[in-house]
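In this note's numbering, the protein residues as written are 4 to 315.
Here is the structure:
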């Protein structure tokens with residue numbers, strides 16, 4: 004007997020349709036980002052110049068007013084208007100699919116997990132993290148169009164592996180946002196607090212935890228390492244073999260929450276997940292209560308990947 008059940012025809016069709024709209028929305032969002040900010044004319048010493056303005060208040064002169072710069076101005080505004088109109092249309096369509104997803108019960112990922120991924124995407128910091136551990140199974144099952152056994156998914160925390168090799172880019176982005184990582188989580192749930200005994204863990208009032216992990220520090224890496232300059236922010240904890248996961252092929256899929264909301268999850272390839280879980284189960288200091296789940300998850304993901312050719 005398979006350790007999963009396949010989505011029924013209606014749910015599978017709805018996921019396929021919603022996924023297509025979601026991916027079109029992602030593409031439209033990227034194109035709209037290219038024309039963020041604006042263009043304006045500014046007079047300096049009696050001459051008009053075309054100025055490109057950015058969302059970060061940076062400004063750049065594109066030259067004196069001429070047929071060329073007037074054409075640039077017209078084409079930019081046309082592109083911006085078209086991109087924003089397309090993005091709004093797709094956002095409305097995505098909201099329609101959210102309602103359909105919920106009605107047909109397409110997804111079952113925790114709402115808070117999807118909300119965290121959505122916020123990180125909106126703030127353009129999602130690229131600095133990959134989801135590892137049990138929650139990665141939501142990406143695998145979504146891509147395969149199945150529901151895995153409930154016991155394989157039992158957990159109350161999500162592990163976010165931070166790509167510290169890009170920490171300077173991350174720090175710059177967070178500084179521009181004027182946010183700490185804890186602030187980001189509080190945009191999802193204002194009750195998130197850092198645990199006194201684990202400064203790499205934020206927990207909300209319902210006991211859901213977010214752990215921030217990093218690869219093992221090398222000679223040139225700073226450690227301990229806080230995510231931002233905010234003294235009250237989260238710290239990242241070194242995780243054994245995390246550097247192997249950072250170097251592993253990635254795997255990405257849109258996941259759907261129990262209320263129909265969608266977000267892209269980026270995790271490690273199924274093969275890397277299987278290898279990591281089997282290694283975890285073999286370590287001498289692994290919690291005995293988690294060993295059987297490690298082995299179960301490794302077995303299920305291996306079978307799922309082979310059956311549905313995930314990560315191929």
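From the three backbone atoms N, C-alpha and C, an ideal C-beta is built for every residue, glycine too.
Bear in mind the structure is a predicted one, so any value in this text is a computation, not a measurement.
| Item | Value |
| --- | --- |
| Bounding residues of the beta strand (DSSP E) (the contiguous stretch that carries residue 254) | 253-259 |
| Residue 214 - partner residues in DSSP beta bridges | 162, 204 |
| According to DSSP, residues forming a beta bridge with residue 41 | 56 |
| Identity of the residue in 39, 210, 120, 90 nearest residue 255 by Cα | 120 |
| CB of residue 213 within 8 Å of CB of residue 188, strictly | yes |
| For residue 271, the nearest candidate out of 192, 77, 141 (CA to CA) | 141 |
| As assigned by DSSP and simplified to three states, the class of residue 269 | strand |
| Cα-Cα separation, residue 1 to residue 168 | The shown model of the chain, from 4 to 315, leaves out residue 1, and the question about it has no answer. |
| As assigned by DSSP and simplified to three states, the class of residue 47 | strand |
| Three-way DSSP call (helix, strand, coil) for residue 24 in this model | helix |
| Selected residue, minimal CA-CA separation from residue 29, among 267, 296, 297 | 267 |
| Residue 311, enclosing alpha helix (DSSP H) - first and last residue | 291-311 |
| Residue range of the alpha helix (DSSP H) that includes residue 248 | 245-249 |
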